[in-house]
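Q: Handing you this structure, nothing more for now.
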Ligand SMILES: *Cc1c(COP(=O)(O)O)cnc(C)c1O
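Next up, the structure:
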């Protein structure tokens with residue numbers, strides 16, 4: 016029994032399907048890292064990580080040390096955890112001791128990692144992040160030359176697990192030139208590291224969109240976030256993948272990804288509203304004729320964006336029921352006037368996912384609010400229970 020007002024289900028078969036798809040697409044020799052930052056894109060680290068391991072995953076990427084702590088608590092002993100961003104120098108001994116690898120993109124962290132590893136008489140597992148054109152984090156000259164020197168002097172205490180970079184928008188063809196240049200620059204820098212005898216073990220650069228749009232970016236490991244959860248990064252990436260133009264004209268593939276998440280709640284109560292009355296707070300929703308509304312105990316506190324007021328939908332009996340009035344902190348009303356089956360208390364309400372013949376994708380919600388899929392997912396609070404279903 017759960018006391019919560021909504022539940023997020025994670026589908027084992029969907030995740031298996033997605034993992035297998037990327038396995039085939041990237042080839043046997045490329046390692047797949049599941050990106051589980053931001054509480055596994057709202058799917059919940061403690062539930063998602065073991066499920067992903069069941070599907071074959073053994074490498075997880077996070078943004079920060081605090082997220083790495085959560086993954087370590089949920090993952091098998093033999094899975095690898097990689098921090099792609101924030102870790103403070105005083106947290107480095109913890110990472111080194113637990114075999115957690117981390118990005119290094121500035122000399123101070125490199126220095127501290129070497130110092131701690133030497134004191135602990137072991138090796139720190141690091142990934143050298145290179146600046147190739149995103150201009151966010153990553154070594155660039157003259158620090159890069161200095162970093163190479165420092166690494167070579169301290170090989171007894173550093174394991175260069177990877178050399179990596181990140182693309183500045185692989186999901187949109189607007190960035191084609193920039194991303195193509197980044198790939199060239201990255202290959203060039205990797206070659207230079209090789210020539211300077213920096214013994215790195217792998218090269219990795221691709222996120223979901225790069226895997227689809229820039230096959231040469233696939234390399235030794237890929238870091239897949241959004242698409243492992245069953246979403247294309249953008250509609251453009253989806254179209255680009257699904258419609259390939261060959262000699263015989265365009266051919267359409269089936270969508271290879273399956274949505275892992277389904278978010279459901281229940282109707283709290285149903286009521287009739289007379290013609291001419293306003294529904295909910297204020298005057299944003301006028302009943303132009305007699306209406307029937309159902310209250311649903313999900314609001315913006317639970318991650319259902321307030322800008323879906325009078326705009327979003329939920330599914331009841333497989334039919335779309337439009338949000339009536341403003342989304343409140345803890346609840347909202349949906350219009351069920353047209354649902355012929357009749358809606359009653361405790362009927363299932365689906366906010367994301369399938370119900371009978373109907374479905375609501377995160378992208379349909381994010382198209383309406385212009386919040387990208389990533390943002391909609393990561394706003395789902397950790398407190399909502401996550402359940403695994405088949
Ligand atoms: C978030 C992230 C990814 C994964 O991106 P998706 O678009 O969700 O696949 C990969 N690499 C880095 C450095 C990231 O921050």
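Residue numbers (the numbering used here): 16 to 405. Cβ atoms here follow ideal geometry from the backbone N, Cα and C, with glycine treated the same way. The structure presented is a predicted model; accordingly, all values stated were derived computationally and were not measured.
Below 7 Å, is the gap between the Cβ of residue 198 and the nearest heavy atom of ligand 1?
A: As a first step, residue 198 is located in the chain shown; it is residue number 183 there, counting from the start. For ligand 1, not one heavy atom lies less than 7 Å from the Cβ of residue 198.
Q: Ligand 1 heavy atoms versus the CB of residue 86: any closer than 7 Å?
A: Reading the chain shown from its first residue, position 71 is the one you call residue 86. Answer for residue 86: no, Cβ out of range of ligand 1.
Q: Comparing the C-beta of residue 233 with each C-beta of chain D, is any distance below 8 Å?
A: Absence of chain D from the displayed structure is noted, only one protein chain being present.
Q: Is residue 171 helix, strand or coil by DSSP?
A: The residue given as residue 171 occupies position 156 in the chain shown. In the structure shown, residue 171 sits in coil (DSSP, three-state: anything other than H, G, I, E or B).
Q: Quick one: does the C-beta of residue 248 sit closer than 7 Å to a heavy atom of ligand 1?
A: The count along the chain shown starts at 1 and reaches residue 248 at position 233. True, at least one ligand heavy atom lies under 7 Å from that Cβ.
Q: What are the boundary residues of the alpha helix (DSSP H) that residue 244 is part of?
A: Sequence index remark: in the chain shown, residue 244 carries index 229 (1-based). Run containing residue 244: none; DSSP gives neither H nor E here.
Q: Extract the residue ranges of the alpha helix (DSSP H) inside the region 170–253, only unbroken runs of 4 or more that lie entirely within it.
A: Runs found: 191–210, 223–228.
Q: Could you check the C-alpha separation between residue 91 and residue 360 for me, to the nearest Å?
A: Residue mapping note: residue 91 aligns to position 76 of the chain shown, counting from 1. Residue mapping note: residue 360 aligns to position 345 of the chain shown, counting from 1. The straight-line gap from Cα to Cα measures roughly 42 Å.
Q: Based on the DSSP output, what are the partners of residue 49 in its beta bridges?
A: For the purposes of this step, residue 49 is taken as residue 34 along the chain shown, with counting starting at 1. Paired residue(s): 75, 239.
Q: Note down the Cα distance separating residue 245 from residue 274, rounded to an integer number of angstroms.
A: Counted from its first residue, the chain shown places residue 245 at position 230. Counted from its first residue, the chain shown places residue 274 at position 259. Their Cα atoms are separated by approximately 4 Å.
Q: Assuming residue 120 and residue 82 form a contact by the criterion Cβ under 8 Å, report the distance between their Cβ atoms to the nearest whole angstrom.
A: Counted from its first residue, the chain shown places residue 120 at position 105. Counted from its first residue, the chain shown places residue 82 at position 67. That belief does not hold up - the Cβ atoms of residue 120 and residue 82 are roughly 18 Å apart, past 8 Å.
Q: Note down the Cα distance separating residue 200 from residue 399, rounded to an integer number of angstroms.
A: Within the chain shown, residue 200 is the residue found at index 185, counting from 1. Within the chain shown, residue 399 is the residue found at index 384, counting from 1. For residue 200 and residue 399, the distance between alpha carbons rounds to 43 Å.
Q: Which of the three DSSP states, helix, strand or coil, is assigned to residue 118?
A: The count along the chain shown starts at 1 and reaches residue 118 at position 103. In the structure shown, residue 118 sits in a strand (DSSP, three-state: E or B).
Q: Please work out which residues of its chain come closer than 8 Å, Cβ to Cβ, to residue 362, disregarding the five sequence neighbours upstream and downstream, and give them in chain order.
A: Taking the first residue of the chain shown as position 1, residue 362 is located at position 347. Closer than 8 Å at Cβ, skipping near neighbours: 281, 282, 309, 331, 332.
Q: When the Cα atoms are used, what is the spatial distance from residue 384 to residue 397?
A: On the chain shown, position 369 is the one that residue 384 refers to. On the chain shown, position 382 is the one that residue 397 refers to. Taking the straight line from one Cα to the other gives about 22 Å.
Q: How big is the Cα-Cα spacing for residue 40 and residue 267?
A: Counting from one through the chain shown, the residue named residue 40 turns up at place 25. Counting from one through the chain shown, the residue named residue 267 turns up at place 252. Roughly 17 Å between the two C-alpha positions.
Q: Would you kindly work out how many angstroms separate the C-alpha atoms of residue 270 and residue 32, rounded to a whole number?
A: Within the chain shown, the letter at position 255 stands for residue 270. Within the chain shown, the letter at position 17 stands for residue 32. The alpha-carbon atoms of residue 270 and residue 32 are separated by roughly 11 Å.
Q: If you compare alpha carbons, which of 279, 102, 137, 404 is closest to residue 80?
A: Numbered from 1 along the chain shown, position 65 holds the residue referred to as residue 80. Ranking 279, 102, 137, 404 by Cα distance to residue 80 puts 102 first.
Q: Mapping the DSSP letters down to three states, classify residue 265 as helix, strand or coil.
A: Your numbering for residue 265 matches position 250 in the chain shown. Residue state, collapsed to three classes: strand.
Q: Do residue 306 and residue 76 have their CB atoms nearer than 8 Å?
A: On the chain shown, residue 306 is found 291 positions in, with the first residue counted as 1. On the chain shown, residue 76 is found 61 positions in, with the first residue counted as 1. It is not a contact, given that the beta carbons lie outside the stated cut-off.
Q: Assuming residue 351 contacts residue 285 under a Cβ cut-off of 8 Å, what Cβ separation, rounded to an integer in Å, is found between them?
A: One-based indexing of the chain shown puts residue 351 at position 336. One-based indexing of the chain shown puts residue 285 at position 270. About 7 Å separates the two Cβ atoms, so the contact holds.
Q: Count the other CB atoms, across all protein chains shown, that sit within 10 Å of the CB of residue 259; report buried if there are 16 or more and exposed otherwise.
A: Sequence index remark: in the chain shown, residue 259 carries index 244 (1-based). Answer is exposed; the Cβ neighbour count stays below 16.
Q: Provide the residue(s) that pair with residue 309 in DSSP beta bridges, ordered along the chain.
A: Position 294 of the chain shown, counted from the start, is the residue given in the question as residue 309. According to DSSP, residue 309 bridges with 285, 349.
Q: In this structure, does DSSP put residue 23 in helix, strand or coil?
A: Along the chain shown, one-based indexing puts residue 23 at 8. Looking at residue 23 - three-state DSSP - the assignment turns out to be strand.
Q: For residue 370, which of helix, strand or coil comes out of DSSP?
A: Translated into the one-based positions of the chain shown, residue 370 becomes position 355. If DSSP states are grouped into helix, strand and coil, residue 370 belongs with the strands.
Q: For ligand 1, I want to know if residue 253 counts as a neighbour, meaning its beta carbon is within less than 7 Å of at least one of the ligand's heavy atoms.
A: Position 238 of the chain shown, counted from the first residue, corresponds to residue 253. No - ligand 1 has no heavy atom lying nearer than 7 Å to the Cβ of residue 253.
Q: Going by alpha carbons, who is nearest to residue 403 out of 299, 250, 70?
A: On the chain shown, position 388 is the one that residue 403 refers to. Among 299, 250, 70, the Cα nearest to that of residue 403 belongs to 70.
Q: How long is the line joining the alpha carbons of residue 108 and residue 62, rounded to whole angstroms?
A: If you number the chain shown from 1, residue 108 lands on position 93. If you number the chain shown from 1, residue 62 lands on position 47. Straight-line Cα distance between these residues: approximately 27 Å.
Q: For residue 340, is the classification buried or exposed, using 16 other Cβ atoms within 10 angstroms of its Cβ as the cut-off for buried?
A: Working through the chain shown from its first residue, we reach residue 340 at position 325. Burial call: buried.
Q: Classify residue 212 as buried or exposed, calling it buried when 16 or more other Cβ atoms lie within 10 Å of its own Cβ.
A: Translated into positions along the chain shown, residue 212 becomes position 197. The residue in question, residue 212, is exposed, as its Cβ has fewer than 16 Cβ neighbours within 10 Å.
Q: Report yes if the C-beta of residue 52 is less than 7 Å from at least one heavy atom of ligand 1; otherwise report no.
A: What you label residue 52 is simply residue 37 of the chain shown in a count that begins at 1. Residue 52: yes, Cβ under 7 Å from ligand 1.
Q: Where do the N-terminal and C-terminal ends of the alpha helix (DSSP H) with residue 383 fall, by residue?
A: Taking the chain shown and counting its residues from 1, the one referred to as residue 383 is at position 368. Segment 377–384, the alpha helix (DSSP H) holding residue 383.
Q: Residue 249 and residue 220: beta carbons closer than 8 Å?
A: For this step, residue 249 is matched to residue 234 along the chain shown. For this step, residue 220 is matched to residue 205 along the chain shown. No. Outside cutoff.
Q: Report the rounded CA-to-CA distance for residue 294 versus residue 60, giving the unit in angstroms.
A: Reading the chain shown from its first residue, position 279 is the one you call residue 294. Reading the chain shown from its first residue, position 45 is the one you call residue 60. The straight-line gap from Cα to Cα measures roughly 38 Å.
Q: I need the boundaries of the beta strand (DSSP E) containing residue 144, first residue and last residue.
A: If you number the chain shown from 1, residue 144 lands on position 129. From DSSP, the beta strand (DSSP E) with residue 144 extends over 139–144.
Q: Pick helix, strand or coil for residue 390, following the three-state DSSP scheme.
A: Counted from its first residue, the chain shown places residue 390 at position 375. Correct three-state label for residue 390: helix.
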